[in-house]
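Last residue of the sequence shown: 524 in this note's numbering, with the numbers rising by one and none dropped.
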Amino acid sequence: GDEFDVSPIRLAGFALLRAPALLETTLVFAVLFGSMLAMFRLNRRSELIVMRASGMSAWRFIAPAVMFAFLFGVLATTVINPAAARLTAEFERQESLLRNPMTPGIMVSEGGVWLREGRSDGQLVLRAAESRDGGQLLEDVTVFQYFHDREERPVFARRFDAEQAELAAGFWRLTNAWETAPNEEPVLHAEVAFPTELDPEEMVDRSEGPRSLNFWELREHANLLREAGFAHEPYALRWHRLLALPISLAAMAVLASAASLGHARRGGAFRLAAFAAIIGFAVYFSDTMLASLGSARVLQPAAAAWAAPAFTLLAGLFVVASVEDG
């Protein structure tokens with residue numbers, strides 16, 4: 199707010215736009231500590247002890263918490279995430295316009311790669327059939343150049359059709375480009391250069407981020423990026439992590455239940471609660487680290503997304519089985 203002289207009302211609007219995305223991040227901890235609180239309350243009232251003394255298996259009173267966590271994960275992935283993604287996309291759009299109204303925008307679709315870059319005297323629209331080298335080399339390129347009239351409206355100036363466009367430091371370089379302008383004969387240029395604010399290393403970063411796309415769009419967008427020659431791993435990873443979210447929440451519920459069972463037999467509520475909390479944070483940071491490895495192409499997206507939830511769930515089930523059945 200101080201940097202861009204934004205009013206408190208608009209800052210509150212930014213916070214509301216970011217709130218659902220923050221909910222997704224904290225959902226795992228909410229389920230962990232909520233399940234722990236419910237189980238410890240039952241323990242404090244001796245209800246778990248009575249149920250176990252009557253011969254009821256621990257699996258029976260653990261199952262509702264685990265099933266609720268799993269179903270809530272399904273709801274978060276299929277319903278909450280689309281709403282959060284839409285608000286996040288709006289937040290990123292407003293933030294980008296606030297920081298720089300002429301920030302280049304990139305879109306990848308079935309029709310190819312589209313790029314729009316605004317300037318003080320007009321704008322440049324670029325379309326390419328395919329790309330290579332992470333978007334730094336474009337094939338079958340068409341460039342539309344517009345200038346602003348006195349009323350700041352875009353007016354078509356000229357068009358370039360080129361075999362290739364290479365992104366270098368500070369400019370686009372077109373090869374074998376035909377220039378077409380109104381009321382003029384087409385002209386062939388061996389090379390044509392256009393200045394740009396894009397850096398080769400941030401070509402993909404200017405496109406829609408994984409968090410601004412919802413669960414139902416991510417897989418298709420990842421396939422489009424892969425076919426277009428862009429790095430698709432962050433989008434595939436995000437899709438797999440959302441798909442694994444129900445398992446992650448179920449694993450947290452199992453961990454909380456395992457801590458409660460240990461308390462019922464051996465005592466030490468605080469020690470076991472602290473242990474479960476440490477395990478929960480360890481799982482979170484392990485999942486984050488694996489996600490970083492997946493984004494960096496060290497691990498496959500599916501392996502990076504499913505490893506931590508699957509291991510946590512199996513470990514929790516092992517602890518419950520050991521306490522219950524010996």
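The beta carbon of each residue, even a glycine, is placed where N, CA and C say it ideally should be.
Fair warning: this is a prediction, and the values are worked out from it, not measured in the lab.
Check your understanding: Just checking, does the region 439-453 make contact with the region 259-278 on the three C-beta pairs under 8 Å criterion?
Key -> A contact exists between the region 439-453 and the region 259-278.
Practice item. Quick one: residues in its chain with C-beta nearer than 8 Å to the C-beta of residue 522, no 5 flanking neighbours on either side, listed in chain order? Key: In the sequence shown, the residue the question calls residue 522 occupies position 324. The residues are 255, 256, 257 and 459.
Point to revise | Top-ranked residue by Cα proximity to residue 440, from 421, 409 and 429 | key: Numbered from 1 along the sequence shown, position 242 holds the residue referred to as residue 440. If you compare the alpha carbons of 421, 409 and 429 with that of residue 440, the shortest gap goes to 409.
Practice item. Determine the closest residue to residue 413 out of 253, 216, 215 and 282, with distance taken between C-alpha atoms. Key: Within the sequence shown, the letter at position 215 stands for residue 413. Looking at the Cα atoms, 282 is the closest of the given residues.
Review point. Residue 419: which of 207, 206, 310 and 250 sits nearest, CA to CA?
Key: For the purposes of this step, residue 419 is taken as the residue at position 221 of the sequence shown. The candidate whose alpha carbon is nearest that of residue 419 is 310.
Practice item. Reducing DSSP to helix, strand and coil, say where residue 430 ends up. Key: Along the sequence shown, read from residue 1 onward, the residue named residue 430 stands at position 232. Three-state DSSP puts residue 430 in coil, outside helix and strand.
Point to revise | Endpoints, the alpha helix (DSSP H) within which residue 222 is located | key: The residue you call residue 222 lines up with position 24 of the sequence shown. Run containing residue 222: 206-242, per the alpha helix (DSSP H) assignment.
Check your understanding: Any idea if residue 519 is buried or exposed, counting beta-carbon neighbours within 10 angstroms, 16 or more meaning buried?
Key -> For this step, residue 519 is matched to residue 321 along the sequence shown. Residue 519 is exposed by the Cβ-count criterion.
Exercise for review: Measure the beta-carbon distance from residue 362 to residue 336 and round it to whole angstroms, keeping in mind my assumption that it falls under 8 Å.
Suggested key: For this step, residue 362 is matched to residue 164 along the sequence shown. For this step, residue 336 is matched to residue 138 along the sequence shown. That pair is a contact at about 7 Å.
Practice item. Let me know the alpha helix (DSSP H) ranges lying completely inside the region 237-285, each 4 residues or longer, listed in chain order. Key: Counting whole runs of 4 or more residues, the region 237-285 contains the alpha helix (DSSP H) stretches 245-251 and 256-273.
Review point. According to DSSP, what are the bridge partners of residue 325?
Key: In the sequence shown, residue 325 corresponds to position 127, counting from 1. Answer is 312 and 340.
Check your understanding: Is the region 357-373 close to the region 386-395, with three or more CB pairs under 8 Å?
Key -> yes
Check your understanding: On the three-state DSSP scale, how would you describe residue 462?
Key -> What you label residue 462 is simply residue 264 of the sequence shown in a count that begins at 1. Confidence at residue 462 is low in this model, with a pLDDT of 46, below 50, so the placement of that residue is unreliable and no value is reported for it.
Review point. Leaving out five residues before and five after residue 276 in sequence, what residues of the same chain have Cβ atoms less than 7 Å from its Cβ?
Key: Taking the first residue of the sequence shown as 1, we reach residue 276 at position 78. Only 413 meet the Cβ criterion.
**Study point:** Neighbourhood of residue 288 by C-beta, 7 Å cutoff - its chain only, sequence neighbours within 5 removed
**Key:** As a first step, residue 288 must be located in the sequence shown, where it is residue number 90. Within the same chain, and ignoring the five residues on either side of residue 288 in sequence, the residues whose Cβ sits closer than 7 Å to its Cβ are 215.
Check your understanding: Is the CB-CB distance between residue 493 and residue 506 below 9 Å?
Key -> Your numbering for residue 493 matches position 295 in the sequence shown. Your numbering for residue 506 matches position 308 in the sequence shown. In this structure, residue 506 does not lie closer than 9 Å to residue 493 by Cβ.
Exercise for review: Go ahead and pull the three-state DSSP assignment for residue 393.
Suggested key: Start at 1 with the first residue of the sequence shown, and residue 393 comes out as number 195. In this structure, residue 393 counts as strand in the three-state DSSP scheme.
Exercise for review: Check residue 357 in the structure and name its three-state DSSP category.
Suggested key: The residue given as residue 357 occupies position 159 in the sequence shown. Here residue 357 sits in strand by DSSP.
Check your understanding: Residues in its own chain within less than 6 Å of residue 528 by CB, not counting five upstream and five downstream?
Key -> No information on residue 528 is available, as it lies outside the stretch 199 to 524 that the chain covers here.
Review point. Secondary structure at residue 330, three-state DSSP: helix, strand or coil?
Key: Here residue 330 refers to the residue found at position 132 of the sequence shown. Residue state, collapsed to three classes: strand.
Review point. From residue 230 to residue 220, what distance separates their C-alpha atoms?
Key: As a first step, residue 230 is located in the sequence shown; it is residue number 32 there, counting from the start. As a first step, residue 220 is located in the sequence shown; it is residue number 22 there, counting from the start. C-alpha of residue 230 to C-alpha of residue 220: approximately 16 Å in a straight line.
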